[in-house]
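Worksheet: one structure, shown below.
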Amino acid sequence: MSFGYIYSNCWFIYICFVTSLKNLSGFVSIDCGLSGPSYVDDRTNISYVSDDGYIATGEKHEISSEYKSRALYTSDHSLRSFPSGGRNCYAVAAAARGRKYLVRARFMHGDYDGGERNLASTPVRFNLNIGLDFWYEVTVSDAARTYTREAIAVAVASSVSVCLLDTGHGTPFISSLELRPMGIDMYPEAVVNRSLGLFTRLNMGANNFLSLMAYPQPTPLTSNPGFAEAKELDEALLGMSRRE
1 MSFGYIYSNC
11 WFIYICFVTS
21 LKNLSGFVSI
31 DCGLSGPSYV
41 DDRTNISYVS
51 DDGYIATGEK
61 HEISSEYKSR
71 ALYTSDHSLR
81 SFPSGGRNCY
91 AVAAAARGRK
101 YLVRARFMHG
111 DYDGGERNLA
121 STPVRFNLNI
131 GLDFWYEVTV
141 SDAARTYTRE
151 AIAVAVASSV
161 SVCLLDTGHG
171 TPFISSLELR
181 PMGIDMYPEA
191 VVNRSLGLFT
201 RLNMGANNFL
211 SLMAYPQPTP
221 LTSNPGFAEA
231 KELDEALLGM
241 SRRE
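In full-length UniProt numbering, the protein residues as written are 1 to 244.
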């Protein structure tokens, strides 16, 4: 598997393709581990559904009450963990084979296990795959932090498979999973045999980072609040080639 970096200025991407997503449907927003009914997030105005229809394995949990007030999103309040099985996969139906998607996964630990593990000294680590292809090694060292991973991938079948792999360094878990259909001309480097993983995206100083370039804006991208004072904006997409 080879890796390559692709650098681009985000603002030029948005200007060129701002009209390409206006009429697309097929947004999928899954609150992993949700036990109650579907809901609309008050802060993002996005409707979330339970993951029961997408996976049959794992255990549902709520994060500790002391962490719920720190959660960035309502979907962070619950999660699904996978204490058994080396590989557990979500199968998310795609609108069409060959359609390009932004795949976003979020992880907030929130001491859901009662704090039995000191994350600072012994982080939870597991692998994230899209189908059979390695996407990212998730490392969780702070129970209060929401970790986000994104990729641009092309659906090679009638569903997109997102898998969590146990690597022996703690129980894999996931808080939410989202798919966003992308315009056919966006991210031309993402093709059937090559996905793109987000390296970084910076907020140049917007006061409300949750609404910056997020739904219902035409380009469903969000920025990292930790870089709200950044003076320069560069986005690097890490190319992930499929295994030969």
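Cβ atoms here follow ideal geometry from the backbone N, Cα and C, with glycine treated the same way.
This structure is a prediction, so every number in the text was calculated from the model and none was measured.
- Gly170 is classed as buried because its beta carbon has at least 16 other beta carbons within 10 Å across all chains shown.
- For the pair Ala144 and Glu137, the Cα-to-Cα distance works out to about 19 Å.
- Listed in chain order, the non-local C-beta contacts of Glu178 below 6 Å within the same chain comprise Ser29 and Arg104, local neighbours out to five positions each way being set aside.
- For Ser50 and Pro37, the gap between their C-alpha atoms comes out near 7 Å.
- Listed as beta-bridge partners of Val40 by DSSP are Ser47.
- Here Tyr48 is not near Asp76, since their CB atoms are 8 Å or more apart.
- Counting only the Cα atoms, Arg106 lies some 13 Å from Phe126.
- Residue ranges of uninterrupted beta strand (DSSP E) with 3 or more members, entirely inside the segment 97-137 and ordered along the chain, are 100-108 and 124-130.
- Annotated three-state conformation of Tyr187 is coil, per DSSP.
- For Tyr54, the three-state secondary structure derived from DSSP is coil.
- Its chain contains Arg104 and Arg106 as the residues whose beta carbon lies nearer than 7 Å to that of Thr148, once the 5 sequence neighbours on both sides are disregarded; these appear in chain order.
- Looking only at Arg201, Ser195, Ala153 and Leu165, the smallest Cα-Cα distance to Ala96 is reached by Ala153.
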